[in-house]
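Engineer:
There are 2 protein chains.
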Amino acid sequence: MSKDRIRRPSLLSKVVSADQAASLIHDGMTVGMSGFTRAGEAKAVPLALAARNAAHPIKITLLTGASLGNNIDKLLTEAGVLARRLPFQSDATLRNAINQGDVLFIDQHLSETVEFLRSHQMKPVDVAIIEAVAITEDGGIVPTTSVGNSASFALSAKQIIVELNSSHAAELEGLHDIYIPGKRPLRDSIPVVASNSRIGTHAIPVNPDNIAAIVLTDKFDSPASLAAPDSETIAIAAHLTDFLSNEVKQGRLSNSLNPLQAGIGNIANSVLYGLVHSPFEQLTMYSEVLQDSTVALLDSGKLVFASGASMTLSQPVADAFFPHIAKYKDRLVLRPQEISNHPEIIRRLGIIAINTALECDIYGNVNSTHVNGTHMMNGIGGSGDFARNAYMAIFVAKSTAKDGAISTVVPMVTHCDHNEHDVDILVTEHGLADLRALAPRERAKIVINNCVDPAYRDQALDYHNRALARGGQTPHVLEEAFSWHQQRAKTGSMRLS
Amino acid sequence: MSKDRIRRPSLLSKVVSADQAASLIHDGMTVGMSGFTRAGEAKAVPLALAARNAAHPIKITLLTGASLGNNIDKLLTEAGVLARRLPFQSDATLRNAINQGDVLFIDQHLSETVEFLRSHQMKPVDVAIIEAVAITEDGGIVPTTSVGNSASFALSAKQIIVELNSSHAAELEGLHDIYIPGKRPLRDSIPVVASNSRIGTHAIPVNPDNIAAIVLTDKFDSPASLAAPDSETIAIAAHLTDFLSNEVKQGRLSNSLNPLQAGIGNIANSVLYGLVHSPFEQLTMYSEVLQDSTVALLDSGKLVFASGASMTLSQPVADAFFPHIAKYKDRLVLRPQEISNHPEIIRRLGIIAINTALECDIYGNVNSTHVNGTHMMNGIGGSGDFARNAYMAIFVAKSTAKDGAISTVVPMVTHCDHNEHDVDILVTEHGLADLRALAPRERAKIVINNCVDPAYRDQALDYHNRALARGGQTPHVLEEAFSWHQQRAKTGSMRLS
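So the sequence lines, in the order shown, correspond to chains A and B.
Per this note's numbering, the first sequence starts with residue 1, numbered consecutively.
Per this note's numbering, the second sequence starts with residue 1001, numbered consecutively.
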């Protein structure tokens, strides 16, 4: 495959084994790697790095777009290669190492990592490892199923390792739109004015002299392991569709809504599936990860265009989709995550942002990251980029977890990723709380009535009423603010009686 | 003065008394009023409204730019006129009413209020009351010392009351730059590419038929009551100047830095004063409120241009400045707060944002609004617009309050307005914590060592060490997270021993 996919002849001599490429990476280096939500990560060199660590122990800082597939984070953690990791992860082994303090995790807004790099507010990338479909005549790198931070990593790294992966359809070329904002303070506006704006190039325009090694691979992306919609996620989707229908009826939104963003995971995916049978037409997405539901919406004709930073599909959907990528290419674009998540564009397009809450409170503050306020789950991801700057920030959650032992709606969040100023709408399977332009006291009544599970409603009301007696803009009984969490630690359940 | 300042003859007949104008406002109405940080608020009609409330009791929703001068919020509160108030306030009487639940306060990001209005996600403005320097030949309204939300209020209101205030120099005309972004999702980019970009008109281009009344006034803006820099604010300024000097030395910033934003209040004002004798040259500001320090920086030649949404000066500085406004006008612009605080522009220009924390925690989360997590101080203001989207978000605070009885750095903030993902730099009089690209465990060590008052350092370390033993990305002893606040409630001091 080399000659088809390495179209710059002088680079053919750079093809080496994964082990040889891995030897370019030394102790203390910062490595910038492709990969965003299990899509398009480098698959061979990181494994070679993990394998050779027994003989040549090194510690690196690993930057990616977001989470990785193929157990890369697990294997690198087990091999002891990771000193620092950013800006997102979702691997159980790495998560444990982070929570034990063995790997330092910097949990960043996904649009900001490359801003920090560009302004030298973070150590520079020494080596970039980028999965590619092809290298062009000019030496440009054509990404695979994600763009993530790959472009900025490749353009700023001293050395680039390309993993040319033949398992990806060559027809992915042309899907990407690579655009890098200028240096500040002299930056121009970013000319995206709609989901389907194309403003850049199909390949990452690196200096071919910086390509230090090319490794040939053929391993597939890991499939997404999405659960089918269940009665609760279906109820959440129905509440949201009803609400949006009423917004259309009231003339606040057109029947095409505004461009949609949906976070990764089962609930947001189910919500989007709910739109397949909705009354809305000519929908657009300006999102981060495109999941199975995006393909279903495209196939149904409901969705006219989808913009993302990666595509993460389940195996059956991937099998049906990628062989026919050519027929979708005029309705899809993959962008750098800095552009998919850019505040400028999110605000301009008026995005309706749908993200999942780990925990929320009766006043509408949202915790997306920390179990019990201390232990990292995955990271904030793009939810902060979107929620702060969106037309409407919607957070969805099942009202309980662990078979009812945990209420996801609590008196006070133990960690606040999205505060009352940003959270417009909360939805659980029990109902929807429209919090727009309400004071905290008003919010609490609606959240308790509409979103809290009936098993926790009385104790939520009791807390709120006793807090009200103490007064304040956001009434609390401070010494009991985390009493539900303490009850869970003691008894296994947040139920107080 | 009428003919000089009402340049559209047909409007001369609209001149009425404040009482007559106030009679246009009925129970249940939403009133949008000029005024931003004690500058340029309507001064006569709200007082007439308060006075007539005894005979004609009404309740209104009052929207402004931000806080008001001349005790307007106090008098309206005492008269019982206010049902709802947004998006910011700083009046002691109103604050009490809010915390007692008598007035509902919606604490919004200052750039967002008019987005909510424009998209009909909030009740529309029935009557706008706008202080003006003049009405143009076309019927355009020329604002005074603030623009705030005045333009969007006036353009969307069914009826407009203009307060033509002769105490403001006529030469203010030409200072303003009125630009209203388009409706979403079809909005274009906002073409501000530097602090001194002028993209709009000098007056608010209303339909003159909507001007229902004109009231002639002559009351001055309330002066800012700024304290002189003290040893602590001088120390904070010195730490920050040293830090920024090192950023220049390291090549991360030019000697003109990036455009500066500074929040309202003594500390931020003192920090800017510190720049008068700094090594930086050709500075620019892209900020919200312009205070005394802006004038000092302009006079010193350090500052080449300042963009804001209002000017709030102390009496001596105002007396020296406004009579000579003409000589400053090519180095100043006042914009709608939606534009001064717009995420698109903040991110594009790469703003260095300096705001005051009410409370922060050892992990770098910041509380800007709620005393003890419950009682509103003033509101989030523009700090969230800036911190989330800035090049660098700096928060400043004195390390203690109430003669040392309160540590402003605590184990966990009782309310989170700005989380770890957004807070780059913390500064107290004791030192500066550079938190960029650090994990929470690393942040805590630096914050405790550099920023916490020595009287609280041991108890902060003790908390953190015991939290570390429990593990986690952001270690906490959850049942003790607010123990310092509880100690203060019990003993009057946060000191645990």
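A virtual CB, placed ideally from N, CA and C, is assigned to each residue, including glycine.
Helix or strand or just coil, what does DSSP make of TYR1286(B)?
Structural biologist: strand
Engineer: Is the segment 1207-1224 of chain B close to the segment 1134-1144 of chain B, with three or more CB pairs under 8 Å?
Structural biologist: yes
Engineer: Using the C-alpha atoms, what's the distance from ALA79(A) back to ARG5(A)?
Structural biologist: Distance from the CA atom of ARG5(A) to the CA atom of ALA79(A), rounded to whole angstroms, is 32 Å.
Engineer: Give me whichever residues DSSP pairs with MET392(A) in a beta bridge.
Structural biologist: Assignment of beta-bridge partners to MET392(A) by DSSP yields ILE352(A).
Engineer: Name, please, each residue of chain B whose Cβ falls closer than 8 Å to the Cβ of THR408(A).
Structural biologist: The premise fails here: THR408(A) is roughly 17 Å from chain B at the closest Cβ pair, so nothing lies under 8 Å.
Engineer: Could you work out which residue in LEU290(A), LEU303(A), PRO323(A) and TYR328(A) is closest to ARG335(A) when comparing CA atoms only?
Structural biologist: Checking every option, the nearest Cα to that of ARG335(A) belongs to LEU290(A).
Engineer: Applying the 10 Å Cβ sphere with the 16-neighbour rule, what's the burial state of ARG466(A)?
Structural biologist: exposed
Engineer: Within its chain, find whatever has a CB closer than 7 Å to the CB of ASP1385(B); leave out the 5 residues flanking it on each side and keep chain order.
Structural biologist: Excluding positions up to five away in sequence, the list reads HIS1109, LEU1110, SER1111, ASN1341, PRO1343 and ILE1346.
Engineer: Using the Cβ count rule (16 or more neighbours within 10 Å means buried), how would you classify GLU281(A)?
Structural biologist: Exposed, since its Cβ has fewer than 16 Cβ neighbours within 10 Å.
Engineer: Look at the Cβ atom of VAL1215(B), then the Cβ atom of GLU1163(B), and state whether they are nearer than 7 Å.
Structural biologist: yes
Engineer: Give a yes or no on whether the minimum CB-CB distance between ALA1083(B) and chain A is below 7 Å.
Structural biologist: no
Engineer: On the CB-based measure, 16 or more other CB atoms within 10 Å of its CB, does PRO259(A) come out buried or exposed?
Structural biologist: buried
Engineer: Over the uninterrupted alpha helix (DSSP H) stretch that includes ARG1084(B), give me the two end residues.
Structural biologist: Looking at the DSSP string, ARG1084(B) is not in any alpha helix (DSSP H); the run it does join, the beta strand (DSSP E), is 1082-1086.
Engineer: Which residues in the same chain have their Cβ closer than 8 Å to the Cβ of LEU496(A), if we skip the five residues on either side of it in sequence?
Structural biologist: Within its own chain, the residues whose Cβ lies closer than 8 Å to the Cβ of LEU496(A), once the five positions on either side in sequence are excluded, are GLN459, SER483, TRP484 and GLN487, listed in chain order.
Engineer: In the DSSP assignment, find the unbroken beta strand (DSSP E) run with GLN261(A) in it and report its ends.
Structural biologist: 260-262
Engineer: Could you check whether the Cβ of PHE505(A) sits closer than 7 Å to any Cβ belonging to chain B?
Structural biologist: The displayed coordinates of chain A run from 1 to 497. Any statement about residue 505(A) would go beyond what the structure contains.
Engineer: For LYS1123(B), I'd like the list of residues in its chain whose CB is within less than 8 Å of its CB, leaving aside the five on either flank, ordered along the chain.
Structural biologist: THR1030 and THR1061
Engineer: Please list, in chain order, the chain B residues whose beta carbon lies closer than 8 Å to that of MET376(A).
Structural biologist: GLY1472, GLN1473 and THR1474
Engineer: Classify PRO1046(B) as buried or exposed, calling it buried when 16 or more other Cβ atoms lie within 10 Å of its own Cβ.
Structural biologist: buried
Engineer: Inspect the beta-carbon positions of ILE362(A) and VAL447(A) and report whether they are closer than 7 Å.
Structural biologist: yes
Engineer: So the candidates are VAL103(A), LEU257(A), TYR391(A) and VAL409(A); which of them puts its Cα closest to the Cα of ARG436(A)?
Structural biologist: TYR391(A)
Engineer: If SER1270(B) sits next to TYR1286(B), beta carbons under 8 Å apart, how far is it from one beta carbon to the other, in whole angstroms?
Structural biologist: Rounded, the Cβ-Cβ distance is 20 Å, inconsistent with contact.
Engineer: Whose CA, out of VAL333(A), ASP221(A) and ALA213(A), lies closest to the CA of VAL15(A)?
Structural biologist: Closest option to VAL15(A), Cα to Cα, is ALA213(A).
Engineer: Residues in its own chain within less than 7 Å of SER1156(B) by CB, not counting five upstream and five downstream?
Structural biologist: LEU1117, PRO1124 and VAL1125
Engineer: Considering only the alpha carbon of each residue, which of ASN449(A), PHE153(A), GLY472(A) and GLY471(A) lies closest to LEU461(A)?
Structural biologist: ASN449(A)
Engineer: Just the chain A side, please: which residues come within less than 8 Å of PRO1191(B) by C-beta, in chain order?
Structural biologist: SER189
Engineer: On the DSSP bridge assignment, give the partners of CYS360(A) in chain order.
Structural biologist: VAL366(A) and VAL409(A)
Engineer: Since ASP1073(B) is in the alpha helix (DSSP H), which residue starts that stretch and which ends it?
Structural biologist: 1072-1078
Engineer: I'd like to check one pair, SER1034(B) with SER1554(B): are the Cβ atoms closer than 7 Å?
Structural biologist: In the structure displayed, chain B extends from 1001 to 1497; residue 1554(B) sits before or after that span and is not available.
Engineer: Which chain A residues sit within Cβ distance under 8 Å of PHE1116(B)?
Structural biologist: ARG436 and ALA437
Engineer: Taking the alpha-carbon positions, what's the LYS490(A) to GLY404(A) distance?
Structural biologist: 16 Å
Engineer: If the cut is a Cβ gap below 9 Å, which residues of chain B does GLU281(A) touch?
Structural biologist: Under the 9 Å cutoff, chain B gives no residues; its nearest Cβ is about 15 Å from GLU281(A).
Engineer: By Cβ distance below 6 Å, which residues in the same chain neighbour THR1241(B) in space, the five residues on each side in sequence not counted?
Structural biologist: So the qualifying residues of the chain are GLY1274 and SER1278.
Engineer: With a threshold of 16 other CB atoms inside 10 Å of the CB of ASN165(A), please say whether the residue is buried or exposed.
Structural biologist: buried
Engineer: Could you name each continuous beta strand (DSSP E) segment of 3 residues or more that falls completely within the segment 1438-1468 of chain B, going from the start of the chain to the end?
Structural biologist: none
Engineer: For ILE161(A), which of THR217(A), THR113(A), ILE180(A) and ASN96(A) has the nearest alpha-carbon?
Structural biologist: Comparing Cα positions, the closest option is THR217(A).
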